[in-house]
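Colleague: Chains as they are written, first to last, in this note's numbering: chain A, 19 to 245; chain B, 287 to 625.
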Amino acid sequence: MATEERKQEILENLKNAVIEYDEDTAREWAQIALDEGLKANDAIFDGLVTGMEEVGRLFEEEEYFVPELLMCADALYAGLDILRPHVEQLDLGVRGSVVIGTVEGDVHDIGKNIVKMMFDVAGFTVYDLGRDVPLDKFVEEQLRTDSDLVCLSAMMTTTMSGMEKVIHDLKEKNPDCIIMIGGAPASQDIADKWGADGYAADASNALKDAIDMVSSLKRLKQEAEAE
Amino acid sequence: MTAKERVASVFAGEKTDRPACFSGLGNVTTAGLEKLGYKFAEVHLDSRQMAEAAVSTPKLFGFDCAVVPFDLCVEAEAIGCEINTYAHTEDLFYPTIKEKVIHSEDEMDLSMPADVAEKGRVPLVCEAIGLAKEELKGEVPVGSYVLGPFTLAGQIMELNDLLKLSFKKPDKVEALLDKLADVIIAVLKRYEKAGIDYLTVREMGATSDVLSPRIFKKLILPNLKKIFAEITVPSVNHICGKTNPIVGAMVEAGADAISVDQRNEIIKTREELGPDALVFGNYDPFNVLVSGTPELVEQTINKCLDDGVSAVWPGCDIWPTVPPRNFEAMMDAVRNYAR
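1. Counting Cβ pairs, one atom from each stretch, are 3 or more of them under 8 Å apart for the segment 376–386 of chain B and the segment 334–354 of chain B?
2. So, at 7 Å on beta carbons, what are the nonlocal neighbours of A:Met-181 in its own chain, with the 5 sequence-adjacent residues on each side left out?
3. Starting from the beta carbon of A:Asp-150, find every residue of chain B whose beta carbon is closer than 9 Å, and list them in chain order.
4. I need the DSSP call for A:Met-198, collapsed to helix, strand or coil.
5. Three-state secondary structure (DSSP) at B:Phe-502?
6. For a contact defined as C-beta to C-beta under 7 Å, what are the partners of B:Asn-446 on chain A?
7. Please decide whether A:Val-157 counts as near chain B, where near means a Cβ-Cβ distance under 8 Å.
8. By the criterion of Cβ-Cβ separation under 7 Å, what are the contact partners of B:Asn-523 in chain A?
9. Let me make sure I understand the geometry here. Which of B:Thr-343, B:His-524 and B:Phe-453 has the alpha-carbon closest to that of B:Thr-315?
10. Out of B:Asn-509, B:Glu-551 and B:Lys-511, point me to the one whose CA is closest to B:Thr-529's CA.
11. For B:Asn-573, would you say it is in contact with chain A, using Cβ-to-Cβ distances shorter than 8 Å as the test?
12. Could you check if B:Thr-518 is buried or exposed, using at least 16 other CB atoms within 10 Å of its CB as the buried criterion?
13. Which whole-angstrom value is the C-beta distance of B:Gly-416 and B:Gly-481, which I expect to be below 8 Å?
14. Below 7 Å CB to CB, which residues in the same chain sit around A:Phe-63 once its five sequence neighbours on both sides are set aside?
15. Closest to B:Ala-340 by CA distance: which of B:Val-426, B:Leu-591, B:Leu-451 and B:Phe-379 is it?
16. Name the DSSP beta bridge partners of B:Asp-315, please?
17. Note down the Cα distance separating B:Phe-502 from B:Asn-509, rounded to an integer number of angstroms.
18. Listed from N- to C-terminal order along the chain, which residues in the segment 490–506 of chain B have their beta-carbon within a distance smaller than 7 Å of any beta-carbon of chain A?
19. To the nearest angstrom, report how far apart A:Ser-115 and A:Ile-50 are at their CA atoms.
20. Mind pulling the chain A residues with CB within less than 9 Å of B:Leu-474?
21. Return the first residue and the last residue of the beta strand (DSSP E) that B:Arg-488 is part of.
22. Checking 8 Å against the spacing of the C-beta atoms, do B:Trp-599 and B:Phe-347 come in under that value?
23. Is B:Phe-613 close to chain A, meaning its C-beta is less than 8 Å from at least one C-beta of that chain?
24. From which residue to which residue does the beta strand (DSSP E) around B:Ser-545 run?
25. A:Glu-182 CB to nearest chain B CB: under 8 Å?
26. Is the segment 606–619 of chain B touching the segment 544–564 of chain B in the sense that three or more CB pairs, one from each, lie closer than 8 Å?
27. Can you pull the chain B residues whose beta carbon is under 7 Å from the beta carbon of A:Phe-83, in chain order?
28. Looking at the C-beta of A:Val-36, does it have a partner C-beta in chain B at a distance below 8 Å?
29. Give a yes or no on whether the minimum CB-CB distance between A:Ser-205 and chain B is below 8 Å.
30. Relative to the C-alpha of B:Asn-523, which candidate in B:Gly-560, B:Ala-541, B:Lys-589 and B:Ala-373 has its C-alpha closest?
31. According to DSSP, which residues form a beta bridge with B:Leu-564?
32. Per the DSSP calculation, A:Val-157 is bridged to which residue(s)?
33. Return helix, strand or coil for B:Pro-520, following the three-state DSSP convention.
34. Figure out for me which residue from B:Lys-345, B:Tyr-477 and B:Thr-288 has the closest Cα to the Cα of B:Lys-321.
35. Would you say A:Gly-123 lies against chain C (beta-carbon separation less than 8 Å)?
36. Is it a yes or a no for the segment 487–498 of chain B touching the segment 78–88 of chain A, going by three-plus beta-carbon pairs under 8 Å?
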């Protein structure tokens, strides 16, 4: 078992690997974390996610832009792939599943992938439909998987209007399903008008919202452990 | 003044009878398509339909231009990408790229077709330009657009890879952009020969929401300069999103005018660029023009002009389902605007 000091060192290295978008280092320290007896959950939330929180801050301060963000995400996934098989299921009361995709007519999926990453980190079961997804497919997949959440993304104004119909169909068939919409043209107004439960306007907001979500999970985890 | 004289005066920096209200981006409307009895998915594939659909906007609303084409796939298709026009549906979908031609970093040295300006729909768009000009009898200008090299690169390869490589392997990206700039120049030369009155270069992939101003100046600007140096008609450099940090560089690229969207603070831009720079913008073509009320449209147009735009111009393509009364409210606002 690693000493507290060593544990901090390992977490620090995981965090920095994400910030410095270094996939190899993230992989290496994720393995070290397991070898030296750290809990996979701690390595994810207190290492990789802490790094991603810092990345979110750098993005907001316009220190980092989308290319850096994508590279940081790659580093996070490199570590996550090693740690995930060892995760003990935490009962946080929020574990769930999500159907996610970019609507038909839109082939942009960067924002969607960033949001998906945070769901992956949070331990959600993610059904990723990809991009340019026919609208009926969202409804079909939600019914098939009984997912708690459906996330619809569109980057272009010109594809967003399709969302209205999906939201309507989903709510009609399954009123409990939570629907989030995202993309540059999305707004609170549109979310309200179309009956969506939440929205994120762009990749940076999506990232911020996703990080907030995982940060709350992290708090829940700490509280659960404190009890 | 005819619309053509008005727009020519704007580009010449001269006074106009009223503010010009036009666009260099797509502006076909459902109202126009319905009147013609055309399906949106088909107007991209037929020069006569394309021309008539484009001309319907100035005819119905007194808009100061007609613009072809309506989609963003023309150059990528000429390079060899396959497109999807969503012919299966009656819903409005803009064509997208179905199959990219570059699948990995190794394929970035792909050679471009020698006669690229004769490939895909480039000749069809040229025909449409000619037909639109005939129809408008020199009273309304006909514009067209090409993509910028970075945005085009994002059409022919995975944007994800392109963005990461512009950081990790800038040399490779630079070489690709240089080749794509040549493709774009060949295409725009063909449009010029077909008789366009002005041309917009759309480099929205390189917005400061995505790329740092540092990478913009290093990777994007040199190729934009190369392209604008070749354009002989009045030219516009369009980038959407957060553009305040790069308006100086946008002007430096050498276009006659820059086009920015609703996220640009025009007052700041005007302060930075001075009174003579041509800045087109910057109303939100969806949240204002399509889903707003006529009152909101009027307020927004007045604000654009108060803030100091050189011409009223949308932040992006006009979404076709714009309610006619909103379009009319916009035209009324420019007619009634007192300078």
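Backbone N, C-alpha and C fix where the C-beta goes; we use that ideal spot for every residue, glycine too.
It should be emphasised that the depicted structure is a prediction, and the values quoted were computed from it without experimental measurement.
Modeller: Once the coordinates are examined:
1. no
2. Val-121, Leu-170, Ala-172, Ile-199 and Trp-212
3. Asn-370, Thr-382 and Lys-384
4. strand
5. helix
6. Leu-88 and Ile-128
7. no
8. The contacting residues do not exist; B:Asn-523 stays about 20 Å from chain A at best.
9. B:Thr-343
10. B:Glu-551
11. yes
12. exposed
13. 6 Å
14. Lys-236 and Lys-239
15. B:Val-426
16. It is Thr, not Asp, that sits at residue 315 of chain B in the sequence shown. DSSP output for B:Thr-315 lists no bridge partner at all.
17. 10 Å
18. Asp-495, Val-496, Leu-497 and Ser-498
19. 30 Å
20. Those within 9 Å of B:Leu-474 in chain A number zero; the least Cβ separation is about 23 Å.
21. 484–488
22. no
23. no
24. 543–545
25. no
26. no
27. Val-496, Leu-497 and Ser-498
28. no
29. yes
30. B:Ala-541
31. B:Ala-543
32. In DSSP, A:Val-157 forms no bridge with anything.
33. coil
34. B:Lys-345
35. No chain C appears in the structure shown, which is made up of the protein chains A and B.
36. yes
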